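Written below as structure tokens is the structure these notes are about.
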Amino acid sequence: MFPALGPSDQRAPIRPDSPVELIPGIGPRRAEALKARGITTALDCLFHLPIRYEDWREPCAYRELRPGMTATVAGTLRQSSERPMVRAGRGRRMVTGWLLAGAERMGVVWFNLPPYLVRLLPFGRAVLVHGRISAAADGSLQIVNPAFHLAGASPAPALRSMYGLPAPIGQRLFSELVRKLLRDMDGVFAGAIPHTLRRAARLPELLDALRYLHVPPASANLSELCEGRTEAHRVLALDELFTFELAMQLDRRRAAAKPGFAFAGPHPLSAALLAELPFALTDAQHRVIREIDADLTSGSPMNRLLVGDVGSGKTVVALWAALRAVESGRQAAIMAPTELLAEQHYRAFQRYGAGLGVPNALLTGGASGAERVECLRGLARERISLVFGTHALIQRSVAMPGLGLAVVDEQHRFGVFDRARLKALGPNAHMLLMTATPIPRSLALVLFANLDVSFLDQMPPARAPVTTRIVAENRFEAVEALVRRKVSEGGRAYFVLPAIGEEGEPAAEEEQRRTVAAMVQTLSRGALGNLQIGVLHGRMAGARREDVMRNFRDGKLDVLVATTMVEVGIDVPEASVMVIVDAQRYGLAQLHQLRGRVGRGALEADCVLVAPEDIDPKSRARLAVLLDSSDGAEIARADLALRGPGDLLGSRQSGALPLRFARFVHEVEFIAQARALAEQLLAGPSKLKGPEAAGARQALKRMLRYGFGLADVG
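Just so we're aligned, residue 78 is where the sequence shown starts under the numbering used here, counting upward by one.
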């Protein structure tokens with residue numbers, strides 16, 4: 078258990094949901110600054126954890142001090158000089174002095190102090206000071222802008238919490254505010270996990286864990302605190318993960334109670350599609366089809382996520398599911414985030430299912446007026462059974478009274494309300510979400526616990542592995558030679574850069590080839606100057622981007638220089654080389670997904686990870702994971718362990734990750750514990766209605782406010 082603070086000195090208790098402007102010491106200006114950081118209530122203040130800790134436990138001997146180190150030093154403070162800092166303005170001062178300990182002394186200097194703080198400096202008093210040691214102009218040591226503590230005034234600090242705060246909020250003010258809130262909420266605030274469940278699981282109280290993290294005892298392990306690996310961090314993470322699992326299970330139960338379409342009867346169209354395919358399905362595709370078919374015949378709406386690497390065969394599975402809807406007398410819609418991807422799905426159906434006699438259409442923002450009107454009329458009158466499209470499918474003018482299946486490809490590219498609007502076209506329709514983002518099974522089962530999850534974890538046998546290599550940026554001519562050879566053999570190349578840069582301006586020397594603009598200049602003037610080079614990035618208009626991708630697909634461009642927009646691209650079988658510059662800046666899962674854009678045809682493919690020659694060993698070891706593995710799930714697990722879930726999926730991406738503290742989601746046992754506790758609560762006689770579940774109800778409300786929408790995770 079965690080140690081408690083001293084007795085309360087409260088007068089008017091502040092409740093967890095009290096607005097920050099009601100907290101003593103927080104006026105309107107400070108309240109607005111906190112709100113801009115997402116800190117709107119008293120509880121938000123407690124959940125705003127320190128970003129680091131100052132270690133005041135062991136004062137350092139003067140003879141052990143060295144420039145560059147951060148240390149705590151004891152002595153008597155003596156003033157030497159004070160002068161204004163003209164450029165700092167507002168009467169700011171530079172104050173210098175000495176810290177004396179017997180015959181030893183060290184300089185002390187404060188920059189940019191406002192006058193009221195100058196008056197507070199305890200000259201002539203014994204103090205502890207903590208700060209960074211530097212060398213003065215004469216070579217002597219000095220401590221710069223130190224914090225101080227009066228010796229004997231109160232117990233000396235052990236570990237002082239330091240917060241990321243907006244300018245009007247000082248460290249001392251926020252620390253005192255948090256200490257008071259911890260006392261005020263004793264007996265008022267409970268965590269999400271009910272007390273009986275918490276006691277049975279031998280879990281500390283949430284407020285005790287918060288107290289430990291804000292006011293750590295002298296015995297705390299500093300490295301564990303800074304790395305978020307203490308038992309207190311685990312308590313916060315478990316409480317949050319419990320709330321998330323509770324929300325997921327409630328949503329799953331609510332969805333299961335709705336009536337759905339049962340696609341029973343013969344399978345003439347879906348069976349014919351599989352029979353006409355020019356290739357054999359993988360065992361994983363057969364398994365996923367069986368899982369989806371069980372949902373479609375159950376009588377309850379399917380809510381399933383299909384996870385599979387680029388090229389694993391998700392499109393064929395989606396077409397099969399769509400035909401199951403059509404042969405059962407319903408309509409099906411397949412929505413993709415870009416016109417080109419929607420067009421690719423449409424073309425795939427023409428290639429594999431053209432002879433099945435299914436009325437189908439393509440509806441995108443680029444459709445002409447007459448085409449659009451004809452398509453809308455056909456959908457509304459159920460003359461069109463299968464439609465492929467983009468956001469154009471979820472406009473108010475679209476009606477699909479017979480919708481039985483909605484498929485969302487690259488689902489994370491759509492917002493929460495986009496998916497909800499597609500679902501609204503057929504409230505009882507089945508829903509299939511698809512993603513190529515590599516996700517470890519354990520994380521998928523957390524994030525998508527309200528969905529059934531299927532994994533296409535097997536690649537078609539005809540697809541050759543992509544050769545991956547790491548190349549130092551000072552050997553870029555070798556990369557150009559590889560691309561030139563690949564293009565001469567009929568291939569095409571991607572160059573992916575982390576930033577856009579300024580087009581038409583000479584590249585700065587320090588930029589080298591690290592932006593799209595600089596890379597285009599480099600390639601055009603170098604060994605690839607006679608090739609057709611295209612550019613793709615987010616500043617371009619949507620129609621222009623679509624044109625560039627079409628030109629690349631159709632062979633009018635040999636090389637495409639782009640940002641990571643191409644990770645959700647189209648199938649270009651001739652693309653045989655992917656060059657990723659500054660590769661150390663990307664997550665492994667994203668690099669793997671980019672690599673999946675090549676090697677989709679008959680040509681042997683290469684992925685080149687360009688990194689600085691002096692890349693640190695940890696980053697090089699991380700990139701080396703890609704050299705040894707082509708398994709998306711394995712790579713995603715490594716990414717999760719190294720970078721955390723926020724980096725893997727993007728924090729709060731489309732409502733998918735409202736987890737501020739759950740750094741332990743890669744631990745299967747931790748997930749299982751949160752899920753089991755949520756199941757125990759819902760299995761009890763009072764479920765969420767009893768007084769003991771008040772904390773769980775409040776936690777669910779807070780999670781909804783944080784940006785999470787039930788029924789829309791995924």
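Note that the Cβ used here is the ideal one computed from N, Cα and C, for glycine as well. All values derive from a computational prediction rather than experimental measurement.
At which residues does the alpha helix (DSSP H) containing residue i begin and terminate?
{"i": "R546", "result": "Note, R546: premise wrong, no alpha helix (DSSP H); beta strand (DSSP E) at T544 to A549."}
{"i": "T599", "result": "V593 to R602"}
{"i": "G406", "result": "Segment: none, G406 is in no alpha helix (DSSP H) and carries neither H nor E."}
{"i": "P694", "result": "P694 to D705"}
{"i": "E308", "result": "E308 to A333"}
{"i": "N628", "result": "G619 to R630"}
{"i": "G305", "result": "No alpha helix (DSSP H) holds G305; DSSP gives it neither H nor E."}
{"i": "F251", "result": "Q248 to D261"}
{"i": "L605", "result": "Where L605 is concerned, there is no enclosing alpha helix (DSSP H), given that its DSSP letter is neither H nor E."}
For the beta strand (DSSP E) that contains residue i, what are its first and last residues?
{"i": "S565", "result": "Segment F553 to S565 is the alpha helix (DSSP H) holding S565; no beta strand (DSSP E) there."}
{"i": "N222", "result": "L218 to L227"}
{"i": "V265", "result": "First-last for V265: undefined, no H or E at that position."}
{"i": "A203", "result": "A203 to A212"}
{"i": "R569", "result": "R569 to V573"}
{"i": "L533", "result": "D529 to L533"}
Going by other Cβ atoms of all chains shown within 10 Å of its Cβ, with 16 needed for buried, is residue i buried or exposed?
{"i": "R401", "result": "buried"}
{"i": "V292", "result": "buried"}
{"i": "V625", "result": "buried"}
{"i": "K695", "result": "exposed"}
{"i": "F321", "result": "buried"}
{"i": "I197", "result": "One point to set straight first is that residue 197 is Leu, not Ile, in the sequence displayed. Classification of L197: exposed, given that the 10 Å Cβ count is below 16."}
{"i": "P93", "result": "buried"}
{"i": "L725", "result": "Per-residue confidence for L725 stands at a pLDDT of 44, beneath the threshold of 50, marking its modelled position as unreliable; the derived number appears in the next sentence. Buried is the call here."}
{"i": "K778", "result": "exposed"}
{"i": "D693", "result": "exposed"}
{"i": "P191", "result": "exposed"}
{"i": "H26", "result": "The displayed coordinates of the chain run from 78 to 791. Any statement about residue 26 would go beyond what the structure contains."}
{"i": "K500", "result": "buried"}
{"i": "I270", "result": "buried"}
{"i": "L289", "result": "The residue asked about is misnamed: residue 289 is Tyr in this sequence, not Leu. By the neighbour-count rule (16 or more Cβ atoms within 10 Å), Y289 is buried."}
{"i": "P378", "result": "buried"}
{"i": "Y423", "result": "buried"}
{"i": "F340", "result": "buried"}
{"i": "R458", "result": "exposed"}
{"i": "P515", "result": "buried"}
{"i": "L259", "result": "buried"}
{"i": "K257", "result": "buried"}
{"i": "H310", "result": "buried"}
Per the DSSP calculation, residue i is bridged to which residue(s)?
{"i": "C684", "result": "T545 and M655"}
{"i": "W397", "result": "Beta-bridge pairing links W397 to no other residue."}
{"i": "W175", "result": "R155 and G184"}
{"i": "E131", "result": "R237"}
{"i": "P96", "result": "T118"}
{"i": "H507", "result": "L482"}
{"i": "I610", "result": "V636"}
{"i": "M412", "result": "G466 and V485"}
{"i": "R279", "result": "Looking at the DSSP assignment, R279 forms no beta bridge with any residue, so it has no partner."}
{"i": "Y193", "result": "Per DSSP, none; premise fails for Y193."}
{"i": "T512", "result": "V384"}
{"i": "T147", "result": "R209"}
{"i": "P245", "result": "Looking at the DSSP assignment, P245 forms no beta bridge with any residue, so it has no partner."}
{"i": "P161", "result": "R170"}
Between the Cα of residue i and those of the options, spot the shortest distance and give me the residue it belongs to.
{"i": "A666", "options": "L417, S706 and L382", "result": "S706"}
{"i": "Q408", "options": "G455, Q362, G385 and A444", "result": "G455"}
{"i": "G606", "options": "E557, D648, A576 and G578", "result": "E557"}
{"i": "A570", "options": "D534, V638 and I116", "result": "V638"}
{"i": "A278", "options": "P542, Q750, V384 and A770", "result": "Q750"}
{"i": "A431", "options": "I128, L327 and A349", "result": "A349"}
{"i": "G208", "options": "G201, Q219, D215 and P199", "result": "Q219"}
{"i": "L634", "options": "V612, A618 and V654", "result": "V612"}
{"i": "S157", "options": "E98, G201 and E769", "result": "G201"}
{"i": "Y663", "options": "R260, L574 and I100", "result": "L574"}
{"i": "A235", "options": "V687, V185, L258 and V206", "result": "V206"}
{"i": "S217", "options": "V195, D316, G676 and V185", "result": "V185"}
{"i": "A352", "options": "T415, R260, I471 and W397", "result": "W397"}
{"i": "P504", "options": "A334, N189, I210 and V204", "result": "A334"}
{"i": "A776", "options": "D121, A108 and G567", "result": "D121"}
Q: Go through the stretch 348-388 residue by residue and report every complete run of the beta strand (DSSP E) that reaches 3 residues or more, in order.
A: 380-385
Q: Output the residue ranges of the alpha helix (DSSP H) runs that lie fully inside the stretch 432-472 and measure 4 residues or longer, sorted by chain position.
A: 446-457
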